[in-house]
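The next block holds one structure in the form of structure tokens; read it before the comments.
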Amino acid sequence: MEEISFDLVGKRLEQDIVSNLDVLLLKKGSILTETNILLLKKHNYKKVKVSEDLSFKKLYKNYIENIENLFLNIEKMKTIPVKEWFEQDKKIVSFVQREASFLEQLYKMSGEPTLYRHSGNVGLISFFLGKLLRYSYKNKLLLWQMGVLHDIGKLEVNNELFKKEKRN
1 MEEISFDLVG
11 KRLEQDIVSN
21 LDVLLLKKGS
31 ILTETNILLL
41 KKHNYKKVKV
51 SEDLSFKKLY
61 KNYIENIENL
71 FLNIEKMKTI
81 PVKEWFEQDK
91 KIVSFVQREA
101 SFLEQLYKMS
111 GEPTLYRHSG
121 NVGLISFFLG
131 KLLRYSYKNK
141 LLLWQMGVLH
151 DIGKLEVNNE
161 LFKKEKRN
């Protein structure tokens with residue numbers, strides 16, 4: 001059991017949280033967000049059981065690194081192992097499938113905008129839109145893959161063209 005604090009953001013809840021009136025507040029397996037922490041504090045929870053599951057930040061960082069690696073090495077490949085490549089990043093898709101809060105976390109991610117981040121974000125948001133439209137899992141995966149690869153042709157364009165000038 002860990003004390004309620006914002007340090008718990010991104011950790012997986014290992015118990016259902018119910019109010020004094022037996023209303024389910026948070027479901028076991030939820031990934032805690034800042035909003036969830038505020039809710040727990042409002043209902044006077046002192047401690048909750050959480051696990052050290054991979055946070056969205058860690059999944060996202062690995063996901064973007066994999067996209068960058070694919071994009072940088074794609075010219076050297078004779079065939080592109082699309083199925084195998086996407087298989088390694090299904091954990092982040094599972095996260096998106098479970099947690100609508102990923103949008104909030106995605107919005108808060110810091111870092112320099114790159115083609116890799118953009119492509120990764122488009123893929124995740126495409127998957128999420130498929131979820132909202134109640135597409136089959138197979139079609140949501142296809143949307144994700146298309147989102148990730150939609151700008152792959154930009155690899156042939158000079159990167160300086162994509163850099164935005166900072167405004168004062």
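Numbering-wise (full-length UniProt numbering), the sequence shown opens with residue 1 and increments by one.
C-beta atoms are modelled at their ideal positions from N, C-alpha and C, and glycine is treated no differently.
C-alpha distance - residue i paired with residue j, whole-angstrom precision
| i | j | result |
| --- | --- | --- |
| N62 | N44 | 36 angstroms |
| S55 | K11 | 6 angstroms |
| R117 | L21 | 44 angstroms |
| G29 | I17 | 11 angstroms |
| K47 | L24 | 17 angstroms |
| I80 | K57 | 27 angstroms |
| T33 | L40 | 11 angstroms |
| E112 | W144 | 22 angstroms |
| A100 | I67 | 22 angstroms |
| Y107 | K83 | 28 angstroms |
| L38 | S110 | 23 angstroms |
| L8 | G153 | 40 angstroms |
| Q97 | L132 | 10 angstroms |
| residue 173 | L149 | This structure does not reach residue 173, given that the chain is present from 1 up to 168, and the question cannot be answered. |
DSSP three-state assignment for residue i, whether helix, strand or coil
| i | result |
| --- | --- |
| E112 | coil |
| L13 | strand |
| V23 | coil |
| I4 | coil |
| K90 | helix |
| S51 | strand |
| I37 | helix |
| I31 | strand |
| L157 | One detail in the question is off: residue 157 reads as Val in this sequence, not Leu. DSSP places V157 in coil when its eight states are reduced to three. |
Same chain only: Cβ atoms within 7 angstroms of residue i, ignoring 5 sequence neighbours per side
| i | result |
| --- | --- |
| W85 | L70 |
| K27 | D16 |
| D89 | Y63, N66 |
| S19 | L25, H43 |
Assigned exposure category for residue i - 16 Cβ within 10 Å defines buried
| i | result |
| --- | --- |
| F95 | buried |
| F6 | exposed |
| K140 | buried |
| Y137 | exposed |
| V157 | exposed |
Close-in-space but distant-in-sequence residues of the same chain around residue i (CB under 8 angstroms, 5 per side omitted)
| i | result |
| --- | --- |
| D151 | L115, H118, S119, V122 |
| K49 | M1, E2, L13, E14, Q15 |
| Y135 | L143 |
Contacts around residue i, its chain only, beta-carbon distance under 6 angstroms, and the 5 residues preceding and following it disregarded
| i | result |
| --- | --- |
| K91 | L59 |
| G147 | V122, G123, S126 |
Short CB-CB distance (under 8 angstroms) between residue i and chain C
| i | result |
| --- | --- |
| L141 | Among the chains of the structure shown, chain C does not appear; only one protein chain is present. |
Inset, instruction - Determine contact between the segment 66-79 and the segment 126-138, defined as no fewer than three beta-carbon pairs at a distance below 8 angstroms. - result: no
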